[in-house]
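For the first sequence, position 65 matches number 65 in the UniProt record's numbering, and the numbering has no gaps at all.
Input: a single structure, listed below in structure tokens.
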Amino acid sequence: MPLTRDFFDRPVVDVAPDLLGRTLLRNTPDGPITLRLTEVEAYDGETDPGSHAYRGRTARNAAMFGPPGHAYVYFIYGMWFSLNVVCGPEGKASAVLLRAGEILTGTPLAADRRPKARSANELAKGPARLATALDIDRTLDGTDLCTGGDAPLSLLDGDPPAPERVRNGPRTGVGGDGADHPWRYWIADDPTVSPYRRHVPRRRATTAP
DNA sequence: ATTATGATGCTCT
DNA sequence: GAGCATCATAATC
Numbered sequence: 001m002p003l004t005r006d007f008f009d010r011p012v013v014d015v016a017p018d019l020l021g022r023t024l025l026r027n028t029p030d031g032p033i034t035l036r037l038t039e040v041e042a043y044d045g046e047t048d049p050g051s052h053a054y055r056g057r058t059a060r061n062a063a064m065f066g067p068p069g070h071a072y073v074y075f076i077y078g079m080w081f082s083l084n085v086v087c088g089p090e091g092k093a094s095a096v097l098l099r100a101g102e103i104l105t106g107t108p109l110a111a112d113r114r115p116k117a118r119s120a121n122e123l124a125k126g127p128a129r130l131a132t133a134l135d136i137d138r139t140l141d142g143t144d145l146c147t148g149g150d151a152p153l154s155l156l157d158g159d160p161p162a163p164e165r166v167r168n169g170p171r172t173g174v175g176g177d178g179a180d181h182p183w184r185y186w187i188a189d190d191p192t193v194s195p196y197r198r199h200v201p202r203r204r205a206t207t208a209p
């Protein structure tokens, strides 16, 4: 069964841990892939400087201001996509970044898209890897994840972990004033959770003086 | 094990 | 122009 609109129409820090263990279903042109979520991060557009929506609505983040339960997909670092689920009431732009998971079915399809993965655990171990494995790009931005069935992308109820298995800590790669929030959630000891990396400010090579 | 760096282009100021 | 919610690879301990 798909998760309901009401599931996502709650504070983002409540929805995020509740997404662990849920099933993400991606119907690709070549067939379905399912994934069990093991790692997520919450971004609160109202109060959180780490959120893409903190400075207001733009063309890129428009989906975050729409109804809950829809996808927000963005392009990053010139080559990757990341998948989020919009949470909270329409107009309050919060979202959960889906960071990692365990591929349950359609593993050959995922492996074809991730030729550099050295094990099944690496197929979706990180937000860009997850998006690559599941063939997710900006054409899915704004799509409804509560439809189920043959929809291109949906979130189903799945198999949540026992509450004592849920861990939380600071978010990966988030610096500045948003770094303090312990809004990364993962399943303890799960081999598909990505390694934590602290934010490192980096500047591209400048042109010669 | 950790730390560094190139790739690559869009978005916002 | 500066920075980016990353990945893969290489260098070094």
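Backbone N, C-alpha and C define an ideal beta-carbon position, used for all residues, glycine too.
What you are looking at is a predicted structure, and each value in this text was computed from that prediction instead of being measured.
Helix, strand or coil for residue i per DSSP?
i, result
"Ala-188", "coil"
"Gly-101", "strand"
"Gly-169", "strand"
"Val-193", "coil"
"Ala-124", "coil"
"Asp-144", "strand"
"Ala-71", "strand"
"Ala-110", "helix"
"Ala-93", "coil"
"Pro-49", "coil"
"Pro-2", "strand"
If residue i and residue j are in contact, beta carbons under 8 angstroms, what's the gap, nearest whole angstrom?
i, j, result
"Thr-38", "Val-193", "5 angstroms"
"Val-85", "Val-96", "5 angstroms"
"Leu-123", "Ala-110", "5 angstroms"
"Ser-94", "Asp-44", "5 angstroms"
"Asn-121", "Pro-191", "5 angstroms"
"Glu-46", "Lys-92", "6 angstroms"
"Arg-99", "Pro-127", "5 angstroms"
"Gly-21", "Asp-159", "5 angstroms"
"Pro-29", "Gly-148", "That pair is no contact at about 19 angstroms."
"His-71", "Ala-63", "According to the sequence as given, residue 71 is Ala; it is not His. About 7 angstroms; that satisfies the 8 angstroms criterion."
"Thr-4", "Cys-146", "6 angstroms"
Which residues mark the beginning and the end of the beta strand (DSSP E) in which residue i is found?
i, result
"Pro-32", "31–44"
"Thr-28", "23–28"
"Phe-8", "Where Phe-8 is concerned, there is no enclosing beta strand (DSSP E), although the alpha helix (DSSP H) it sits in stretches over 5–8."
"Ser-82", "80–87"
With residue i as the anchor, note down where its alpha helix (DSSP H) starts and where it stops.
i, result
"Leu-130", "127–133"
"Leu-153", "Counting along the chain, Leu-153 falls outside any alpha helix (DSSP H), though it belongs to the beta strand (DSSP E) covering 153–156."
"Val-15", "12–19"
Looking only at its own chain, which residues have a Cβ that is under 6 angstroms from the Cβ of residue i, when we skip the five neighbours before and after it?
i, result
"Gly-169", "Pro-182 and Arg-184"
"Pro-17", "Val-166 and Tyr-185"
"Gly-178", "Asp-48, Pro-49 and Gly-50"
With a threshold of 7 angstroms on Cβ separation, who are the neighbours of residue i within its own chain once the five nearest residues in sequence on each side are excluded?
i, result
"Phe-75", "Phe-81 and Arg-138"
I'd like the list of long-range same chain contacts for residue i, defined as Cβ closer than 8 angstroms, with 5 residues on each side in sequence excluded.
i, result
"Leu-140", "Ala-71, Val-73, Leu-83, Pro-152 and Leu-153"
"Glu-90", "Phe-65, Gly-66, Pro-67 and Pro-68"
"Leu-104", "Thr-23, Thr-34, Leu-35 and Arg-36"
Quiz item: Any chance the stretch 98–114 sits against the stretch 132–148, with 3 or more Cβ pairs inside 8 angstroms?
Solution: Output reads yes: the stretch 132–148 touches the stretch 98–114.
Exercise. Decide yes or no for the touch test of the stretch 53–71 against the stretch 28–35: beta carbon pairs closer than 8 angstroms, at least 3 of them.
Key: Verdict: no, contact absent.
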